[in-house]
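Visitor: If you read the sequences in order, they're chains E and Y. Per the numbering used here, the first sequence runs over residues 4 to 241. Per the numbering used here, the second sequence runs over residues 5 to 255. After the structure tokens below, expect a handful of questions from me.
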Amino acid sequence: MAEANCLVTNDWICGEYLRTRAQELTDATLQHIGITAVSVLLGIVVAFPLALLVRARPRLAGPVLALTTLLYTIPSLAMFSLLLPLFGLSSALVVTGLVLYALTILVRGVLAGLAAVPAETREAARGMGYGPGRLLWEVELPLALPALMAGIRMATVSTIALTTVGSLVGRGGLGNLIEDALPTFFKAQVLTAAVLCVLLAVAADLLLLGLQRLLTPWNRPPRPARRRTAAVRPGEGG
Amino acid sequence: MGVLTDAWTWLATGAHWTGEDGVGHRLAEHLYVSGAALLLASAVALPLGLWLGHLGRGGTLAVNISNAGRAVPVFAVLALFMVSPLRNAGYLPTVIALVLFAIPPLLTHAYVGVREVDRAVVEAARGMGMSGGQLFRAVELPLARPMLMTGLRSAAVQVVATATLAAMVGLGGLGRIITAGFNTYDTPQVVAGAVLVAALALLVEGALVAADRLGGRLFGRAGGRAGSRAGSRAGRRTGDRDAPQQDNGNG
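Okay, structure coming up:
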């Protein structure tokens, strides 16, 4: 009884809201994750060849970086509105806008990662007879991973936040819930959606950090060795 | 193409520029809110960032604040304010949300700017008998200036871009032209509003780059020339590297 009342009294935190609208919350979260994932993946697919092109033709670096930075300056509300005549009220509109934003971060991330590969390593691989493709895939890419993943993490977190603005055209995931709750000042829904957004960003960041650790085992501190010395020491002392 | 010509017609119509919902009034609101937020954020973040940088402490704090700032959707923050009692406080909710959003880049850039000053230069200044305050004023601040300006620029563009979102919670500013167009299914108005907002963001970016260059020239003459040149070169380098950290973040 007291719990059911929190919807009536419009409390910030309301268990009854979570229970009765679980389906709605799940759907919105899934839409949010879907839009973010597709945008970041498409961003990587576009950014990677673009970065390779810039690296192969340094003369293009200026224009490409300037263009992606320029895109980043355009406010999201304006970006989505400008794409409106092209896509109509669709998810493609939101995804396209988000991909354009992610490009700035991702292109720079890939370039910074590749630039961080030591020249000697590259030379050594070439001396061992590695072709350009094998050099990229087996030597440069693994060594570029930390900077690359940093870029992907940054792009993912800001894309999750930006997705909410997609509610302008009804494709904003959790942003939709916020927009729906505004006219009636429905506090529980606004707070829940906002908190879920932040949790989603934190979870995605940690997940990507875990993935990075998994992909770059050589960067991990040598834990077993440390444990061994720790185990030895008491024996020595005693 | 038809939409673009319609949007142009909308922009060229004088009646759309005057009155309560006109471009002029919305632009004034937009600049007022952005300016107030930027000033407040600078007043909080710059002294703190410079001081932490001078002490050489709080690096993790600066970086974490910057990362956390990226994860928080401004639209959600604004909406939270709008369902709280603050909704009756006029532009206060928008300004607070924007201040919260502008603090991370300002703080991080100020901190990093001071921290990245060549340690050898700092040691030399100490060896010459400079006090902490003198060292800060004569060495660290001038050399950190380019980085500081990068932070200010990214914060300003971010704030101007994000102020657009105020319209999504029913407040004023240029974004209102876009949302008003959405509500009346007036696509030309939506596109016209978007063009105006994008143009303002680009204009602010351009104006700040110009002001930065001009300031660099003036300060370059006032301070040690070689030092300031080295500093600005370093700043440009770090500025480039840090550019991805910029966030127009209108999330």
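Even for Gly, the Cβ is constructed at its ideal location relative to N, Cα and C.
(1) For Y/Leu-169, count neighbouring Cβ atoms within 10 angstroms of its own Cβ and tell me buried if that reaches 16, exposed if not.
(2) In the DSSP assignment, the alpha helix (DSSP H) including E/Gly-146 goes from what residue to what residue?
(3) Span of the alpha helix (DSSP H) holding E/Tyr-104?
(4) Grab the span of the alpha helix (DSSP H) containing Y/Ala-19 for me, first residue to last.
(5) Between which two residues does the alpha helix (DSSP H) carrying E/Tyr-20 extend?
(6) For E/Leu-109, count the other beta carbons within 10 Å of its own beta carbon; 16 or more makes it buried, fewer makes it exposed. Which is it?
(7) Check whether the stretch 139-152 of chain Y touches the stretch 172-181 of chain Y, counting contact only when three or more Cβ pairs, one atom from each stretch, lie closer than 8 angstroms.
(8) At the level of alpha carbons, what is the spacing between E/Leu-73 and E/Gly-134?
(9) Grab the span of the alpha helix (DSSP H) containing Y/Pro-97 for me, first residue to last.
(10) Under a Cβ-count criterion, where at least 16 other Cβ atoms within 10 Å of its own Cβ denotes burial, should Y/Arg-74 be classed as buried or exposed?
(11) Check the Cβ of Y/Leu-84 against every Cβ in chain E and list those closer than 7 angstroms, keeping chain order.
(12) Using only the alpha-carbon positions, how far apart do E/Thr-32 and E/Thr-166 sit?
(13) Between E/Thr-219 and the rest of its own chain, which residues show a CB-CB distance below 6 angstroms, the 5 nearest in sequence each way excluded?
(14) Whose CA, out of Y/Gly-220, Y/Asp-216, Y/Gly-210, Y/Gly-219, lies closest to the CA of E/Ala-69?
(15) Suppose you measure from the CA of E/Cys-17 to the CA of E/Val-57; what does that come to, to the nearest Å?
(16) Y/Met-153 by DSSP, collapsed to three states: which one?
(17) Once DSSP output is grouped into helix, strand and coil, what is the label at Y/Gly-73?
(18) Check whether the stretch 33-41 of chain E touches the stretch 95-102 of chain E, taking contact to mean three or more Cβ pairs, one atom from each stretch, closer than 8 angstroms.
(19) Taking Cβ-Cβ distances shorter than 7 angstroms, what residues in chain Y pair up with E/Ser-84?
(20) Could you name the residues of chain E that Y/Met-172 contacts, counting a contact when the two beta carbons are closer than 8 angstroms?
(21) How is E/Gly-213 classed by DSSP in three states: helix, strand or coil?
Guide: In short, the structure shows the following:
(1) To locate residue 169 of chain Y, count along the second sequence from 1; it is residue 165. Buried, by the Cβ-count rule.
(2) The sequence position of residue 146 of chain E within the first sequence is 143, counting from 1. The question names Gly, but residue 146 of chain E in the sequence shown is Leu. Looking at the DSSP string, the run of the alpha helix (DSSP H) that includes E/Leu-146 is 144-166.
(3) Residue 104 of chain E sits at position 101 when you count from the first residue of the first sequence. Note, E/Tyr-104: alpha helix (DSSP H), 94-118.
(4) Numbered from its first residue, the second sequence carries residue 19 of chain Y at position 15. No alpha helix (DSSP H) contains Y/Ala-19, which DSSP labels as neither H nor E.
(5) For the purposes of this step, residue 20 of chain E is identified with residue 17 of the first sequence, where counting begins at 1. Counting along the chain, the alpha helix (DSSP H) containing E/Tyr-20 begins and ends at 18-23.
(6) What you label residue 109 of chain E is simply residue 106 of the first sequence in a count that begins at 1. The residue in question, E/Leu-109, is buried, as its Cβ has 16 or more Cβ neighbours within 10 Å.
(7) no
(8) Residue numbering aside, residue 73 of chain E sits at position 70 when the first sequence is read from its first letter. Residue numbering aside, residue 134 of chain E sits at position 131 when the first sequence is read from its first letter. Whole-angstrom Cα-Cα distance: 36 angstroms.
(9) Counted from its first residue, the second sequence places residue 97 of chain Y at position 93. That run of the alpha helix (DSSP H) goes 96-119.
(10) Here residue 74 of chain Y refers to the residue found at position 70 when the second sequence is read from its first residue. Buried is the call here.
(11) In the second sequence, the residue the question calls residue 84 of chain Y occupies position 80. Correct list: Val-193, Leu-194, Ala-197.
(12) Mapped onto the first sequence, residue 32 of chain E falls at position 29. Mapped onto the first sequence, residue 166 of chain E falls at position 163. One C-alpha to the other measures close to 11 angstroms.
(13) Taking the first residue of the first sequence as 1, we reach residue 219 of chain E at position 216. Hits under 6 angstroms: Leu-148.
(14) Along the first sequence, one-based indexing puts residue 69 of chain E at 66. Minimum Cα distance to E/Ala-69 is reached at Y/Gly-210.
(15) As a position in the first sequence, residue 17 of chain E is number 14, starting the count at 1. As a position in the first sequence, residue 57 of chain E is number 54, starting the count at 1. Roughly 52 angstroms between the two C-alpha positions.
(16) Against the second sequence, residue 153 of chain Y aligns to sequence position 149. Helix at Y/Met-153.
(17) For the purposes of this step, residue 73 of chain Y is taken as the residue at position 69 of the second sequence. Of the three classes helix, strand and coil, the one that applies to Y/Gly-73 here is helix, per DSSP.
(18) yes
(19) Numbered from its first residue, the first sequence carries residue 84 of chain E at position 81. The contacting residues are Ile-182, Val-194, Val-195, Gly-197, Ala-198.
(20) As a working mapping, residue 172 of chain Y is identified with position 168 in the second sequence. The answer, in chain order, is Leu-80, Val-168, Ser-170, Leu-171, Glu-182.
(21) Start at 1 with the first residue of the first sequence, and residue 213 of chain E comes out as number 210. Helix at E/Gly-213.
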